[in-house]
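Trainee: My questions will all concern the structure given below.
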């Protein structure tokens, strides 16, 4: 491949990554601010970046919790960011799921739940169904990774 083609491909890649930045694409798609509370809950490798983008657009009266992959934390002021394992869930994934469910259960009429879900969410927010254990979900994920 010629040098010019590599340069073009690199520029195209950088443009695509920039276009997907939550600070650019999320702002235009946020709903109207509610009269009640705004609770942000989310999971995924981009959850922390999306949470920061929400805080930048709505500077006050936002609360919440998002879970992201270890090493992908982005500083936020009002939305808590926790870390868990990806692609195989761990105990932190299960704990995050319990906490997010508990926060969702506090919502009332007039409140807004803003769900921020990106790739990796199924591992990072892992709450086994009754009768299953976390180790069961881990085994399934590990088997799927071998396919």
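In my numbering, the protein residues as written are 18 to 164.
Using N, Cα and C, we set each Cβ at its ideal position, and we do this for glycine too.
Applying the criterion that 16 or more other CB atoms from any shown protein chain within 10 Å of the CB defines a buried residue, is residue 156 buried or exposed?
Mentor: The residue given as residue 156 occupies position 139 in the chain shown. With fewer than 16 Cβ atoms within 10 Å of its Cβ, residue 156 is classed as exposed.
Trainee: Tell me the DSSP secondary structure of residue 101 in three-state form.
Mentor: The sequence position of residue 101 within the chain shown is 84, counting from 1. In the structure shown, residue 101 sits in a strand (DSSP, three-state: E or B).
Trainee: Given 8 Å as the limit, is there contact between the stretch 103 to 122 and the stretch 24 to 34, that is, 3 or more CB pairs closer than that?
Mentor: Segments in contact, no.
Trainee: Assuming residue 93 and residue 68 form a contact by the criterion Cβ under 8 Å, report the distance between their Cβ atoms to the nearest whole angstrom.
Mentor: By one-based count along the chain shown, residue 93 stands at place 76. By one-based count along the chain shown, residue 68 stands at place 51. Indeed, because the Cβ distance is near 5 Å, the residues count as touching under 8 Å.
Trainee: Quick check on the DSSP output: the beta strand (DSSP E) that includes residue 59 runs from which residue to which?
Mentor: If you number the chain shown from 1, residue 59 lands on position 42. Here the beta strand (DSSP E) through residue 59 covers 55 to 60.
Trainee: Would you call residue 53 buried or exposed, if buried means 16 or more other Cβ atoms sit within 10 Å of its Cβ?
Mentor: Looking up residue 53 in the chain shown gives position 36. When all chains shown are included, residue 53 counts as exposed.
Trainee: Which class does residue 29 belong to by DSSP, given the choice of helix, strand or coil?
Mentor: Along the chain shown, read from residue 1 onward, the residue named residue 29 stands at position 12. Reduced to three states, the DSSP call for residue 29 is helix.
Trainee: Going by the DSSP bridge assignment, what does residue 133 pair with across the sheet?
Mentor: Translated into the one-based positions of the chain shown, residue 133 becomes position 116. DSSP lists 59 as partners of residue 133.
Trainee: DSSP three-state call for residue 90: helix, strand or coil?
Mentor: As a working note, residue 90 is residue 73 in the chain shown. Here residue 90 sits in coil by DSSP.
Trainee: Hey, out of 149, 65, 42 and 160, whose CA is closest to residue 84's CA?
Mentor: The residue you call residue 84 lines up with position 67 of the chain shown. When each option's Cα is compared against that of residue 84, the closest is 65.
Trainee: With 16 as the cutoff for other CB atoms within 10 Å, does residue 161 come out buried or exposed?
Mentor: The residue given as residue 161 occupies position 144 in the chain shown. Exposed.
Trainee: Contact defined as beta carbons within less than 8 Å: I believe residue 128 pairs with residue 51. What is the distance between those atoms, to the nearest angstrom?
Mentor: The residue given as residue 128 occupies position 111 in the chain shown. The residue given as residue 51 occupies position 34 in the chain shown. Sure, about 6 Å apart at Cβ, within 8 Å.
Trainee: Over what stretch of residues does the alpha helix (DSSP H) that includes residue 126 continue unbroken?
Mentor: Indexing the chain shown from 1 puts residue 126 at position 109. Unbroken run through residue 126: none, as it is neither H nor E.
Trainee: Quickly, what does DSSP pair residue 148 with across the bridge? List them, please.
Mentor: Sequence index remark: in the chain shown, residue 148 carries index 131 (1-based). Note: residue 148 sits in no beta bridge, so no partner.
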